[in-house]
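Right, one structure below, let's go through it.
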Amino acid sequence: MSRNVSEKAETPRRVLVGVSAGIAAYKTPELVRRLRERGCEVRVAMTRGAKEFITPLTLQAVSGHRVHETLLDVEAEAGMGHIELARWADDIVVAPATADLLARLAAGMADDLLTTAVLASRARLWLAPAMNHVMWDHPAVRQNIATLEQRGARTLGPGSGSQACGEEGYGRMLAPGEIADAVTAGSEALAGKRFVVTAGPTYEALDPVRFIGNRSSGRMGFAVAEALAEAGAEVTLIAGPVHLSARGGIERIDVRTAAEMRDAVMAQLPADAFVSVAAVADYRPASRSDEKIKRSGESMQLELVPNPDILREVAGLSPRPFVVGFAAETSDVGENARAKLEAKSLDLIAANRVGDDCGFDAGENALVVYSSDREWDLGSASKTALAEKLVSVIAEQMENA
Ligand code: CTP
Numbered sequence: 515m516s517r518n519v520s521e522k523a524e525t526p527r528r529v530l531v532g533v534s535a536g537i538a539a540y541k542t543p544e545l546v547r548r549l550r551e552r553g554c555e556v557r558v559a560m561t562r563g564a565k566e567f568i569t570p571l572t573l574q575a576v577s578g579h580r581v582h583e584t585l586l587d588v589e590a591e592a593g594m595g596h597i598e599l600a601r602w603a604d605d606i607v608v609a610p611a612t613a614d615l616l617a618r619l620a621a622g623m624a625d626d627l628l629t630t631a632v633l634a635s636r637a638r639l640w641l642a643p644a645m646n647h648v649m650w651d652h653p654a655v656r657q658n659i660a661t662l663e664q665r666g667a668r669t670l671g672p673g674s675g676s677q678a679c680g681e682e683g684y685g686r687m688l689a690p691g692e693i694a695d696a697v698t699a700g701s702e703a704l705a706g707k708r709f710v711v712t713a714g715p716t717y718e719a720l721d722p723v724r725f726i727g728n729r730s731s732g733r734m735g736f737a738v739a740e741a742l743a744e745a746g747a748e749v750t751l752i753a754g755p756v757h758l759s760a761r762g763g764i765e766r767i768d769v770r771t772a773a774e775m776r777d778a779v780m781a782q783l784p785a786d787a788f789v790s791v792a793a794v795a796d797y798r799p800a801s802r803s804d805e806k807i808k809r810s811g812e813s814m815q816l817e818l819v820p821n822p823d824i825l826r827e828v829a830g831l832s833p834r835p836f837v838v839g840f841a842a843e844t845s846d847v848g849e850n851a852r853a854k855l856e857a858k859s860l861d862l863i864a865a866n867r868v869g870d871d872c873g874f875d876a877g878e879n880a881l882v883v884y885s886s887d888r889e890w891d892l893g894s895a896s897k898t899a900l901a902e903k904l905v906s907v908i909a910e911q912m913e914n915a
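Residue numbering for the sequence shown follows the numbering used here, starting at 515 and increasing by one per position.
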């Protein structure tokens, strides 16, 4: 079992403002001021084209820091290099985000300082598009936005109205105050509450090289942990074997087997709430061979024994935390989820359909949440967006509990 406490996101909030080459860049200095007025520490990165619209000197004056412009400037990199900048930021706000910048971000390019910083960062990414309304409606732009949102980026606007090009329509960058409000809004609905969250699969060893596992990527559990932290909760994330890293402010404990996960969960209680997102293996091999099992040519029987049901155990404690389960079903989703809610005495269960093409190991998901007397259809969206909606339901129900 390994443990890692990532650094708690410090106040003041650290915002990297990215400026790309659009006429709306004239509003960016005001955005920097609005963010600073709201207590943020702000640094600015510009694309080369952006400098045709607004000078680095202006942005340096309003941000109080030297503006980051080039990736390969030895002197600038000796100050705060692009990787340091990417790690420093809690939020990256690209305003204006031009069609070209959106395309480069969607393609995962890293051909200048701003795109490289975005790729190298785990910060929340906010995009404030600004472009001609026909460009905004173009399928290429829509697809790039959809790709970025699906990866967790949040789009702010654009608004509609008269444009710099003299036409009318959607494509205007939102007002600096509106962007600053959205970025700094952060709900504190769960401040002071301690959450334990499980995520990912468990691996049950057969021998030193083989295991029984499942296709869970852990992304839903990580998204839930992050959304809880964003709502002000103190979060401990107990993760099975996954290839993911969590954002700052989340305590993470890595485990491999269901038994290790159970012990880690129990060691973290009492807590205000337990959210069991992990796809825990229901069974493990009755015995684990110390040597690699050799092929014998014969057919082979594998004896499996049940694993502890962590969720049921936690829900059976007295006093107990507020308990949220997940149900991954291949059919009769609602019926099976309600049955599990009742059988395991849960406060809430979030149900999704899994199959060859959805749910596990996918960026998108669809969730319906059930309590004993209500249901919330959260629709189909990115795991990040669904996690935020689920956290709102949890916060509301905990308040009423
Ligand atoms: N769960 C758990 N410990 C287990 C198995 C499951 O804590 N050993 C939790 C999961 O994290 C999830 C919920 O139980 O929140 C539902 O898991 P699922 O495997 O869908 O349900 P089961 O009760 O195992 O029923 P079945 O596999 O028969 O559908």
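C-beta atoms are modelled at their ideal positions from N, C-alpha and C, and glycine is treated no differently.
Just confirm the distance between the C-beta atoms of residue i and residue j, as a whole number of angstroms; I'd bet it's less than 8 Å.
| i | j | result |
| --- | --- | --- |
| Ala901 | Ala741 | 4 Å |
| Ala792 | Gly714 | 6 Å |
| Ile764 | Thr712 | Ile764 to Thr712, Cβ: 13 Å. No contact. |
| Ile537 | Phe567 | 6 Å |
| Phe709 | Glu681 | The Cβ separation is near 48 Å, so there is no contact. |
| Ala787 | Pro835 | 5 Å |
| Gln677 | Gly685 | 6 Å |
| Tyr884 | Ile863 | 5 Å |
| Glu817 | Ala800 | 4 Å |
| Leu662 | Leu616 | 7 Å |
| Ser790 | Phe840 | 6 Å |
Say the cut is 7 Å; is the CB of residue i nearer than that to a heavy atom of the ligand CTP?
| i | result |
| --- | --- |
| Leu818 | no |
| Asp861 | no |
| Ala901 | no |
| Val791 | yes |
| Gly839 | yes |
| Ile597 | no |
| Met537 | This sequence places Ile at residue 537; Met is not what is there. Outside the cutoff, so no. |
| Thr569 | no |
| Val794 | yes |
| Leu855 | no |
| Asn866 | no |
| Pro822 | yes |
| Ala737 | no |
| Leu825 | yes |
| Thr712 | yes |
| Ala785 | no |
| Ala631 | no |
Can you give me the Cβ contacts of residue i inside the same chain, cut-off strictly under 7 Å, excluding the 5 residues immediately before and after it?
| i | result |
| --- | --- |
| Glu690 | It should be pointed out that residue 690 corresponds to Pro in this sequence rather than to Glu. If we look at Pro690 and ignore the five residues flanking it on each side, its Cβ neighbours are Lys541, Glu544, Leu545 and Arg548. |
| Thr572 | Pro543 |
| Val794 | Thr716, Ala772, Met775, Asn821 and Ile824 |
| Ala613 | Met645, Met649 and Val655 |
| Lys903 | Leu892 |
In three-state terms, what does DSSP make of residue i?
| i | result |
| --- | --- |
| Phe840 | strand |
| Leu545 | helix |
| Ser520 | For Ser520, the predicted structure reports a pLDDT of 44, less than 50, and the residue's modelled location is therefore unreliable. A value from the coordinates is still provided. The answer is coil: DSSP assigns Ser520 none of H, G, I, E or B. |
| Glu583 | coil |
| Leu670 | coil |
| Glu642 | The displayed chain sequence assigns Ala, not Glu, to residue 642. Reduced to three states, the DSSP call for Ala642 is strand. |
| Ile726 | strand |
| Pro799 | strand |
| Ser896 | strand |
| Tyr884 | strand |
| Asn914 | helix |
| Ala734 | Per the sequence shown, the amino acid found at residue 734 is Met instead of Ala. Met734 falls in the helix class under three-state DSSP. |
| Val828 | helix |
| Pro715 | strand |
| Ala592 | helix |
| Ile807 | coil |
| Pro690 | helix |
| Val607 | strand |
| Leu751 | strand |
| Pro653 | helix |
Which same chain residues end up closer than 8 Å to residue i when comparing Cβ atoms and leaving out the 5 residues on each side of it in sequence?
| i | result |
| --- | --- |
| Glu702 | Ala745 and Gly746 |
| Val632 | Gly532, Ala600, Ile606, Val608, Leu619 and Leu639 |
| Gly949 | Given a span of 515 to 915 for the chain in the structure shown, any question on residue 949 remains unanswerable. |
Any Cβ of chain B within less than 8 Å of the Cβ of residue i?
| i | result |
| --- | --- |
| Val756 | Structure shown: chain B not included; a single protein chain is present. |
Which residues in the same chain as residue i place their Cβ atom closer than 6 Å to its Cβ, once the five residues preceding and following it in sequence are excluded?
| i | result |
| --- | --- |
| Pro643 | Ala611 and Pro672 |
| Ala737 | Lys897, Thr898 and Ala901 |
| Ala624 | Thr630 and Leu633 |
| Leu881 | Ala864, Asn866, Leu892 and Leu900 |
Three-pair Cβ contact test at 8 Å for the stretch 769-787 versus the stretch 714-733: Segments in contact, yes.
Touching by the beta-carbon criterion (3+ pairs, under 8 Å), the stretch 601-609 and the stretch 631-651: In short, these stretches touch, since the Cβ pair count reaches three.
The stretch 728-743 contacting the stretch 805-821, beta-carbon criterion three pairs below 8 Å: Taking a cut-off of 8 Å for Cβ pairs, the stretch 728-743 and the stretch 805-821 do not touch, as fewer than three such pairs fall below it.
Cβ pair count under 8 Å reaching 3, the stretch 571-588 against the stretch 645-652: Three or more Cβ pairs closer than 8 Å define a contact, and the stretch 571-588 falls short of that threshold against the stretch 645-652.
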